[in-house]
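Residue numbers (the numbering used here): 1226 to 1764.
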């Protein structure tokens, strides 16, 4: 716990310093109107449209090339796009798990996996992502985004979770089937992940392999950790102040999810230990998916629908830095921390499948990779890989494809992967996985201006005179990126959908620049549109 506390306090210190540096950059002012230099439009609200930013299926549908019907979506293949059902990794079918592994590999090959990982590195230790109440909402949004990215590759998959409680019961959790070639892979003596589906993942730092240091410090989650969280009745003990300073009126809750989750990061070790590298390892996303599940259990148990969206700890500077305040921006996205409390996540985008359970009457845990320990209160436990330590489980079916003899799992048949027809993934016994190079995900332009005056300002030389503002809000006009779409038409695939959502009024500046056709403004000249929207922005 001491290591965890010191680590979280260090992140908080970095975050407080980053606030001061960023304030100097954010006090930018828009240029004046071309024909009225003394009048400047309001700074546009943040808006970075993408499929990953969506909060419902009709929003996602155009990105999938689908057809919206009501609140649903029909994909080009005629199948409906359904909310994700997040299962424990070992409870997935062989087909589901293989398809998920394949989608992760494809996301990695395309570069999108690294782009998403960079988000965590950039804000992981200097934002509201750690060290306070914003931790759980921030990571909920982050998990949602990588899940949508993976479902753009295969709409039928979902982000799995890793219930590490089932591994914590083992005499040596390093021997869990979870850390075999069938699941999260195995490391060599140097800690490099060289066996399994994610062997050969080059890290953001340019290293050829992910690194793990299992069980050198920290510990896995336990049922007691979860029960402690579920017993809490005060919001500040869940969305917790984990890096309080002197003067904070609330006592720290050392059973808070941010503390216990950090201990799992330490237990996996290697890349998983610091926020700057933790998202290199795909197990990061499975771990945080389970953390989100635990939080959702608490929300469903302790809160009604209204309080789930409104209850947030008080904004107190001695308890958490200002990036954790409820109305603070959830960097790097155009959201506020309180937006991460929305019921829309589980109403429209995903649900959780139950954890594995068993009883005296039914000892089937629902997976060949789990077994039921009927001593005391029956509970499911991860099976142990061949030659792993099974001390205490001699009377149970604890060993994968083997038996527990004299405290060790003796294999009865070779460990091998399961194949899914049509997907060219193989798990080689003691070798790197062989994969066909997947097709690159089709890229969609992400090059936009945020104001209809940008072209006029660029012609007047504002890109050089006012670079702080122009480089942020007029990227297209300053040629910092390329979007060839000119004249009056929709520059974004979702313009018709946003128009129906009243965005032409709610996000007038962005829509006037990028969705003129859907908003019905093609009859207005660029100079008139610039001026009228500018005055409306100050109304």
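Each residue gets a CB set at the ideal place from its N, CA and C atoms; glycine is no exception.
The structure displayed is predicted, hence computed values, not measured ones.
What are the start and end residues of the alpha helix (DSSP H) that includes residue i?
{"i": "residue 1509", "result": "1508 to 1527"}
{"i": "residue 1492", "result": "1482 to 1493"}
{"i": "residue 1299", "result": "Here residue 1299 belongs to no alpha helix (DSSP H); instead the beta strand (DSSP E) covers 1297 to 1299."}
{"i": "residue 1364", "result": "1360 to 1378"}
{"i": "residue 1635", "result": "Residue 1635 -> not in any alpha helix (DSSP H); beta strand (DSSP E) instead, spanning 1633 to 1636."}
{"i": "residue 1341", "result": "1337 to 1348"}
{"i": "residue 1285", "result": "1282 to 1285"}
{"i": "residue 1387", "result": "It is not in any alpha helix (DSSP H) - residue 1387 carries neither H nor E in the DSSP assignment."}
{"i": "residue 1442", "result": "Careful: residue 1442 lies outside any alpha helix (DSSP H) and carries neither H nor E."}
{"i": "residue 1211", "result": "Missing from the structure shown is residue 1211; the chain here goes from 1226 to 1764 and no further."}
{"i": "residue 1690", "result": "1687 to 1690"}
Hey, how far is the Cα of residue i from the Cα of residue j?
{"i": "residue 1294", "j": "residue 1287", "result": "12 Å"}
{"i": "residue 1508", "j": "residue 1490", "result": "10 Å"}
{"i": "residue 1648", "j": "residue 1380", "result": "Residue placement at residue 1648 is poorly supported in this model, since its pLDDT is 30, which falls under 50; the coordinates are not used for a value here."}
{"i": "residue 1190", "j": "residue 1675", "result": "The first residue shown for the chain is 1226 and the last is 1764, placing residue 1190 beyond what the model contains."}
{"i": "residue 1475", "j": "residue 1545", "result": "11 Å"}
{"i": "residue 1420", "j": "residue 1523", "result": "37 Å"}
{"i": "residue 1429", "j": "residue 1390", "result": "30 Å"}
{"i": "residue 1559", "j": "residue 1296", "result": "23 Å"}
{"i": "residue 1300", "j": "residue 1535", "result": "35 Å"}
{"i": "residue 1283", "j": "residue 1552", "result": "27 Å"}
{"i": "residue 1470", "j": "residue 1318", "result": "47 Å"}
{"i": "residue 1255", "j": "residue 1737", "result": "17 Å"}
{"i": "residue 1433", "j": "residue 1340", "result": "17 Å"}
{"i": "residue 1423", "j": "residue 1727", "result": "44 Å"}
{"i": "residue 1275", "j": "residue 1316", "result": "31 Å"}
{"i": "residue 1426", "j": "residue 1555", "result": "29 Å"}
{"i": "residue 1563", "j": "residue 1599", "result": "42 Å"}
{"i": "residue 1538", "j": "residue 1695", "result": "36 Å"}
{"i": "residue 1322", "j": "residue 1374", "result": "17 Å"}
{"i": "residue 1588", "j": "residue 1614", "result": "22 Å"}
{"i": "residue 1672", "j": "residue 1561", "result": "23 Å"}
{"i": "residue 1585", "j": "residue 1393", "result": "21 Å"}
{"i": "residue 1578", "j": "residue 1679", "result": "48 Å"}
{"i": "residue 1761", "j": "residue 1452", "result": "52 Å"}
{"i": "residue 1707", "j": "residue 1699", "result": "12 Å"}
{"i": "residue 1343", "j": "residue 1530", "result": "34 Å"}
{"i": "residue 1528", "j": "residue 1367", "result": "23 Å"}
{"i": "residue 1292", "j": "residue 1304", "result": "11 Å"}
{"i": "residue 1277", "j": "residue 1354", "result": "18 Å"}
Going by DSSP, what residue range makes up the beta strand (DSSP E) through residue i?
{"i": "residue 1419", "result": "1418 to 1420"}
{"i": "residue 1628", "result": "1627 to 1630"}
{"i": "residue 1575", "result": "1575 to 1577"}
{"i": "residue 1435", "result": "Element bounds for residue 1435: n/a, residue is neither H nor E."}
{"i": "residue 1728", "result": "From DSSP, residue 1728 is part of no beta strand (DSSP E) but of the alpha helix (DSSP H) over 1728 to 1731."}
{"i": "residue 1292", "result": "1292 to 1294"}
With 16 other CB atoms within 10 Å as the buried threshold, where does residue i fall?
{"i": "residue 1759", "result": "buried"}
{"i": "residue 1566", "result": "buried"}
{"i": "residue 1763", "result": "exposed"}
{"i": "residue 1446", "result": "buried"}
{"i": "residue 1542", "result": "exposed"}
{"i": "residue 1646", "result": "Unreliable placement is indicated for residue 1646, whose pLDDT of 30 sits below 50; the coordinate value is still reported in the next sentence. Exposed: under 16 other Cβ atoms inside 10 Å."}
{"i": "residue 1504", "result": "buried"}
{"i": "residue 1382", "result": "buried"}
{"i": "residue 1574", "result": "buried"}
{"i": "residue 1467", "result": "buried"}
{"i": "residue 1517", "result": "buried"}
Taking DSSP as the reference, what is the three-state secondary structure of residue i?
{"i": "residue 1664", "result": "For residue 1664, the predicted structure reports a pLDDT of 35, less than 50, and the residue's modelled location is therefore unreliable. A value from the coordinates is still provided. Three-state result, residue 1664: coil."}
{"i": "residue 1606", "result": "strand"}
{"i": "residue 1311", "result": "strand"}
{"i": "residue 1646", "result": "Legend: pLDDT at residue 1646 = 30, less than 50; position of this residue unreliable, value from coordinates given subsequently. Here residue 1646 sits in coil by DSSP."}
{"i": "residue 1596", "result": "strand"}
{"i": "residue 1542", "result": "coil"}
{"i": "residue 1616", "result": "coil"}
{"i": "residue 1411", "result": "strand"}
{"i": "residue 1583", "result": "coil"}
{"i": "residue 1669", "result": "Unreliable placement is indicated for residue 1669, whose pLDDT of 46 sits below 50; the coordinate value is still reported in the next sentence. Coil, per DSSP."}
{"i": "residue 1462", "result": "helix"}
{"i": "residue 1734", "result": "helix"}
{"i": "residue 1249", "result": "Confidence is the limiting factor: at residue 1249 the pLDDT is only 48, short of 50, which leaves the residue's position unreliable and the question unanswerable from this model."}
{"i": "residue 1568", "result": "coil"}
{"i": "residue 1263", "result": "coil"}
{"i": "residue 1496", "result": "helix"}
{"i": "residue 1401", "result": "strand"}
Does the beta carbon of residue i sit closer than 8 Å to a beta carbon anywhere in chain D?
{"i": "residue 1368", "result": "This model lacks chain D altogether, as it is built from one protein chain only."}
- Query: Are the segment 1250 to 1269 and the segment 1469 to 1485 touching, with three or more C-beta to C-beta distances below 8 Å?
  - Reply: The segment 1250 to 1269 is not in contact with the segment 1469 to 1485.
- Task: Please determine if the segment 1431 to 1446 and the segment 1330 to 1343 are in contact, where contact requires at least 3 C-beta pairs separated by less than 8 Å.
- Result: No, because fewer than three Cβ pairs between the segment 1431 to 1446 and the segment 1330 to 1343 fall closer than 8 Å, the two stretches do not touch.
- Message: For the segment 1386 to 1406 against the segment 1597 to 1613, do three or more pairs of beta-carbon atoms, one drawn from each stretch, fall closer than 8 Å, so that the two count as touching?
- Response: Contact between the segment 1386 to 1406 and the segment 1597 to 1613 is established, with three or more Cβ pairs separated by less than 8 Å.
- Message: With three or more C-beta pairs closer than 8 Å as the rule, is the segment 1617 to 1625 touching the segment 1587 to 1597?
- Response: Proximity of the segment 1587 to 1597 to the segment 1617 to 1625 meets the contact definition, three or more beta-carbon pairs being nearer than 8 Å.
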